[in-house]
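In our numbering, the protein residues as written are 108 to 376.
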């Protein structure tokens, strides 16, 4: 037991552990559907995605045994990442596997796929970049991802009109019954919340250039993703983003002063 705990080293690796467990969960969840979703025997012929997969090179994966094996190996790589056994190689394999599966059937992946893939790529490069560069890349991914998301939402009347929060609540089975209550008493607060989220996303790339801005962006969006998954049952929508936030927190606590406010409050407490 002590050997397992020493391999985990969860106090210093909680972000990697979280991201690995999330990947493990997703691999097991999709494993029974691998044939239907990712092979020629399923829904989409490879011709629909071949151009994105560099031609026929990837066709050897377009069968049921290979698809199931790929999910199984992804699960093993996730476990290796959790237990710190060749984490760079494990992260690179997960990145490649997700890249292939996403291009094979992009309909099966959540909005957080590209976000988590970027962090797996950073994990792969850990031996070739300094800790400061690793942290810089993490913040850059966070800023670019949120600003891109925010700018793309400017074309959506649902977001610019302030209705996204209401629709978001209405999508979840656990909160759909709240909608009439919110409409009656909290229409304007929900609209303001929608606009604040949109503004924060658009400005994220600028906010991460200074310490208080980084703290603001990380804290608000980390709690936003946590709230989504605890209240709205949208595990596949942003749970990966939450664990990527934890990984960024892990790096920042060790290699910067961005989150010293947390450390100081803990010491004084």
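All C-beta atoms, glycine included, are put in the ideal place defined by N, C-alpha and C.
| query | result |
| --- | --- |
| For residue 223 versus residue 204, is the C-beta distance shorter than 7 Å? | no |
| Is it true that the CB of residue 267 sits closer than 7 Å to the CB of residue 300? | no |
| Check whether the region 140-151 touches the region 180-195, counting contact only when three or more Cβ pairs, one atom from each stretch, lie closer than 8 Å. | no |
| In angstroms, rounded to a whole number, what distance separates the CA positions of residue 161 and residue 238? | A caution first: residue 161 carries a pLDDT of 48, below 50, which makes its placement in the model unreliable, though a value can still be read off. Near 33 Å, if we compare the C-alpha coordinates of residue 238 and residue 161. |
| Alpha carbons only, please: which of 258, 184, 120 is nearest the one belonging to residue 312? | 258 |
| Can you tell which of 331, 359, 360 has its C-alpha closest to the C-alpha of residue 347? | 331 |
| Apply the 10 Å Cβ neighbour rule to residue 305 and answer buried if 16 or more other Cβ atoms are within range, or exposed otherwise. | buried |
| Looking only at C-alpha atoms, which of 218, 356, 230, 185 sits nearest to residue 195? | 230 |
| Would you report the Cα separation of residue 324 and residue 315, rounded to the nearest angstrom? | 7 Å |
| If we call anything under 7 Å between Cβ atoms a contact, is residue 350 one with residue 126? | yes |
| Below 8 Å CB to CB, which residues in the same chain sit around residue 170 once its five sequence neighbours on both sides are set aside? | 146, 147, 148 |
| Using a Cβ-Cβ cut-off of 6 Å (strictly less than) and excluding sequence neighbours within five positions of residue 261, which residues of its own chain qualify? | none |
| Classify residue 232 as helix, strand or coil using the three-state DSSP reduction. | coil |
| To the nearest angstrom, how far is it from the Cα of residue 309 to the Cα of residue 256? | 8 Å |
| If you draw a straight line from the C-alpha of residue 129 to the C-alpha of residue 209, how long is it? | 17 Å |
| Between residue 117 and residue 245, is the Cβ-Cβ spacing less than 7 Å? | no |
| Please name the residue, chosen from 254, 184, 302, that lies closest to residue 265 on a Cα-to-Cα basis. | 302 |
| Grab me the residues of residue 167's own chain with a C-beta within less than 7 Å of its C-beta, minus the 5 sequence neighbours each way, in chain order. | 173 |
| Please classify residue 152: does DSSP put it in a helix, a strand, or coil? | coil |
| Select from 249, 150, 216 the residue whose C-alpha is nearest the C-alpha of residue 329. | 249 |
| Compute the beta-carbon to beta-carbon distance between residue 121 and residue 353, rounded to the nearest angstrom, for a pair I have assumed lies under 8 Å. | 6 Å |
| Leaving out five residues on either side along the sequence, give the residues of the same chain with a beta carbon under 7 Å from the beta carbon of residue 336. | 342, 345, 346, 349 |
| Excluding the 5 residues flanking residue 134 on each side, which residues of the same chain have their C-beta closer than 6 Å to its C-beta? | 178, 181, 182 |
| Measure the alpha-carbon distance for residue 221 versus residue 270 and round it to whole angstroms. | 26 Å |
| Please return the same chain residues whose Cβ sits closer than 6 Å to the Cβ of residue 187, not counting the five positions on each side in sequence. | 193, 197 |
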